[in-house]
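Worksheet for the structure shown next.
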Amino acid sequence: MNIPAIRAIYRFEMARTFRTLTQSIISPVLSTSLYFIVFGTAIGSRMGHIGGTSYGAFIIPGLIMLSLLNESISNASFGIYLPKWSGTIFELLSAPVSPLEAVLGYVGAAATKSVMLGLLILVTARFFVPYSILHPVWMIAFLLLTAVTFCSFGFIIGLWADDFQKLQVIPLMIVTPLTFLGGAFYSIGMLPPFWQKVALFNPVVYLISGFRWSFYGQSDVNVMLSAGMTLAFLLLCGAAIGWIFHSGYKLRS
1 MNIPAIRAIY
11 RFEMARTFRT
21 LTQSIISPVL
31 STSLYFIVFG
41 TAIGSRMGHI
51 GGTSYGAFII
61 PGLIMLSLLN
71 ESISNASFGI
81 YLPKWSGTIF
91 ELLSAPVSPL
101 EAVLGYVGAA
111 ATKSVMLGLL
121 ILVTARFFVP
131 YSILHPVWMI
141 AFLLLTAVTF
151 CSFGFIIGLW
161 ADDFQKLQVI
171 PLMIVTPLTF
181 LGGAFYSIGM
191 LPPFWQKVAL
201 FNPVVYLISG
211 FRWSFYGQSD
221 VNVMLSAGMT
231 LAFLLLCGAA
241 IGWIFHSGYK
251 LRS
């Protein structure tokens, strides 16, 4: 394992984040803060409690997960696509770096950015809505597992995309709608019985449900099932990346 190579890729990607701090960190935090102001403070103050939790506090895990999923995919896909687009990928290809080491560097950096963003949003939420975290260890575990999973998914999108438009297709057309329909702003128990069953086919339901359980001890599905589904998706993404490189795919512009 070429540890210096992994470290170099990781440090380069993290340096790029801090060079574009407004776009990478500040903008998503401000955007999510608007949700807290509108839904948490303005609308939430006029709504009842859900499972003993105020509406403003109830949506915090969903909003964090909404930002986490989108930013994880965006960070990882853009991180590997930009060298392909600019032609600097040949510097990586000429170095003694294996595909696994490249994946660890890029996905590791993207996951670090996503976790930082999630924690910043969590801190920002304190200024708008009071909340508690019953299971902080589980909260961190779900945060890390989700970040690594969707950064791996984003890396696959970056390998697949051959223009900037394709980088946005899956996040905008698939991930964001699934997140809104996955219980970010409501409990699926509030839906009619038929739609509750339909919602269980949405994988994002398990992510948000498990993450919300770590805050308030309430969830729409069993927490172990949520963790298992997230882990299964991570393994699926890892297997997909392995298959892509094993089938002869070469990083190139």
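So for the sequence shown, full-length UniProt numbering puts the first residue at 1; every next one is plus one. Glycine is no exception: its CB is placed at the ideal position from the N, C-alpha and C atoms. Predicted model, so just to flag it, every value in this text is computed and none were measured.
Residue i to residue j, Cα distance in whole Å?
| i | j | result |
| --- | --- | --- |
| Gly118 | Ser86 | 30 Å |
| Ile208 | Met65 | 7 Å |
| Ile59 | Phe185 | 5 Å |
| Gly94 | Ile244 | Before going on, a small fix: residue 94 reads as Ser here, not Gly. Near 20 Å, if we compare the C-alpha coordinates of Ile244 and Ser94. |
| Pro96 | Val123 | 41 Å |
| Tyr216 | Pro99 | 40 Å |
| Leu236 | Gly228 | 12 Å |
| Ala125 | Pro136 | 16 Å |
| Lys84 | Tyr55 | 44 Å |
| Gln218 | Asp162 | 42 Å |
| Phe150 | Val129 | 27 Å |
| Val198 | Gly182 | 11 Å |
| Gln196 | Tyr106 | 37 Å |
| Pro193 | Gly62 | 22 Å |
I'd like to confirm the pairing. Which residues does DSSP put opposite residue i in its beta bridges?
| i | result |
| --- | --- |
| Ile50 | Thr53 |
Starting from the Cα of residue i, find the closest Cα among the options and give me that residue.
| i | options | result |
| --- | --- | --- |
| Phe164 | Ala15, Val38, Ser74 | Ser74 |
| Ala240 | Met173, Leu181, Ser152, Gln218 | Ser152 |
| Ala109 | Val129, Leu82, Ala76, Phe127 | Ala76 |
| Val103 | Tyr206, Thr230, Asn2 | Asn2 |
| Val29 | Ser226, Arg19, Phe155, Glu71 | Glu71 |
| Phe233 | Thr176, Gly154, Glu13 | Gly154 |
At a threshold of 8 Å, does residue i count as lining the ligand ADP (C-beta to nearest heavy atom)?
| i | result |
| --- | --- |
| Ala109 | Of ligands this structure carries none, so the ligand ADP is not represented either. |
Report the CB separation of residue i from residue j in whole angstroms; it is logged as a contact under 8 Å.
| i | j | result |
| --- | --- | --- |
| Trp213 | Val204 | That belief does not hold up - the Cβ atoms of Trp213 and Val204 are roughly 15 Å apart, past 8 Å. |
| Thr112 | Ser67 | Actually they do not touch by this definition, with Cβ atoms about 15 Å apart. |
| Leu167 | Ile174 | At roughly 13 Å, the Cβ-Cβ gap does not stay under 8 Å, so Leu167 and Ile174 are not in contact. |
| Leu231 | Tyr206 | Contact doesn't hold; Cβ gap of about 10 Å is too wide. |
Below 7 Å CB to CB, which residues in the same chain sit around residue i once its five sequence neighbours on both sides are set aside?
| i | result |
| --- | --- |
| Gly115 | Checking the sequence, you will find Val at residue 115 rather than Gly. Counting only Cβ-Cβ distances below 7 Å, and skipping sequence neighbours, we find Leu143, Leu144, Ala147. |
| Tyr81 | Gly158, Ala161, Leu167 |
Who are the Cβ neighbours of residue i in its own chain at under 8 Å, not counting the five residues just before and after it?
| i | result |
| --- | --- |
| Leu120 | Ile25, Val29 |
Can you list, in chain order, the residues of its chain whose CB lies under 6 Å from that of residue i, leaving out five sequence neighbours each side?
| i | result |
| --- | --- |
| Tyr10 | Gly105, Gly108, Ala109 |
| Thr53 | Tyr216 |
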